[in-house]
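If you count by our numbering, then the sequence shown holds residues 192 to 483, one letter each, in order. We treat Cβ as the ideally placed atom computed from N, Cα and C, and that holds for glycine.
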Amino acid sequence: MVNVFVVSSVALLLVSRNALALEKGEILDMSYDFGETTLYWPGGGFDFTITVRGPDGTVPWYEENKFAAAEHGGTHLDAPAHFSEGKLRVHEIPISKLVGPAVRVDISKQASNNRNYQLTTKDLHDWEGINGKIPDGCLLFVYTGWGAFYPDRLSYFGSTRDDTYLDDQGNSLYQFPGIAPEAASWLVSNRQISGIGIDTPSVDYGQSLDFLAHRNLLAANVYGMENVANLDKLPTTGARVHALPMKIRGGSGAPLRIFAMLEVNDYATIQPIIAMIFSVSILIIVFHYLKQ
Ligand SMILES: [Zn+2]
192 MVNVFVVSSV
202 ALLLVSRNAL
212 ALEKGEILDM
222 SYDFGETTLY
232 WPGGGFDFTI
242 TVRGPDGTVP
252 WYEENKFAAA
262 EHGGTHLDAP
272 AHFSEGKLRV
282 HEIPISKLVG
292 PAVRVDISKQ
302 ASNNRNYQLT
312 TKDLHDWEGI
322 NGKIPDGCLL
332 FVYTGWGAFY
342 PDRLSYFGST
352 RDDTYLDDQG
362 NSLYQFPGIA
372 PEAASWLVSN
382 RQISGIGIDT
392 PSVDYGQSLD
402 FLAHRNLLAA
412 NVYGMENVAN
422 LDKLPTTGAR
432 VHALPMKIRG
442 GSGAPLRIFA
452 MLEVNDYATI
462 QPIIAMIFSV
472 SILIIVFHYL
482 KQ
């Protein structure tokens, strides 16, 4: 009987821990601020001009600003049309594709040993071996650990050059991890993801010159998300993500406000109650036998 009590206590502990992890209800902000420090590919930048800030006309205080920016910088979305003729532009992506369950594939260990590491199909198979099949309609995030460097240009891009990404020989100056073209190809052929995000400047690794991961993904109308923030805090599964780009008509990309909420399903809500009923029942049985 003592053994049963020990087993039930351990079960209660495990069930409660699981429930606690799902009960947080917090919102995870996965966008960086847009401002002076926002990182862009060469040629891009965020211009912010204060038009009015102070007493104005008939009111004691008024603020208004102007901004201008390249599409592909900071936390942003890559529309399929970015690298694929005839594919969806930003305003054409169905809003239903911008919300979905999040899965996170962690390659931070590999990337810490090799800053030019590319996510492989084997990494995806390994992930599925532990977590099950990558669900349809999900937003898949590749966690490289590069967010820790943002917005330091040298450590994030691997170069301080912001005027070009090519050296004199036509090779890329940039070094950061990404997604291997073959893994991108496997994903779009074998799984039904809506979008793919990464915590680096590009879904292709920094050394890429053909941008083949981009081309393989976007040709299948899978959109990209780059410079995604706080991937270290995103759980492997169990979160729901809302990835909302500015709805630029004809845009090839757009600044992205993206956030995740931990999914609290009905089972998670009743888990603690089930655990409590289970434990009380065990206690009643224990006392019943002790009394005899
Ligand atoms: Zn982009």
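Check                                                                                                           : Outcome
Per DSSP, the bridge partner or partners of Pro233                                                              : DSSP lists no partner for Pro233.
Enclosing alpha helix (DSSP H) for Trp252 [first to last residue]                                               : That residue, Trp252, is in no alpha helix (DSSP H); its beta strand (DSSP E) goes Val250 to Ala260.
Segment limits, alpha helix (DSSP H) that includes Ala451                                                       : It is not in any alpha helix (DSSP H) - Ala451 instead sits in the beta strand (DSSP E) that spans Gly444 to Leu453.
Completely contained beta strand (DSSP E) runs for the segment 323 to 380, where each covers 3 or more residues : 330 to 334
Local Cβ density within 10 Å of Glu254, reported as buried at 16 or more and exposed below that                 : exposed
Cβ-heavy atom distance, Gly415 to ligand 3, below 7 Å                                                           : As far as ligands go, the structure on display features ligand 1 and does not contain ligand 3.
Alpha carbon of Ile468 to alpha carbon of Lys482, nearest angstrom                                              : 21 Å
Proximity of Val413 and Gly388 at Cβ, strictly below 8 Å                                                        : no
Whether Gly397 touches His263 by CB criterion (8 Å)                                                             : no
Residue nearest to Lys424 in terms of C-alpha spacing, selected from Asn304, Arg448 and Thr335                  : Thr335
Which listed residue (Leu331, Leu330, Phe348 and Cys329) has its alpha carbon closest to that of Gly338         : Phe348
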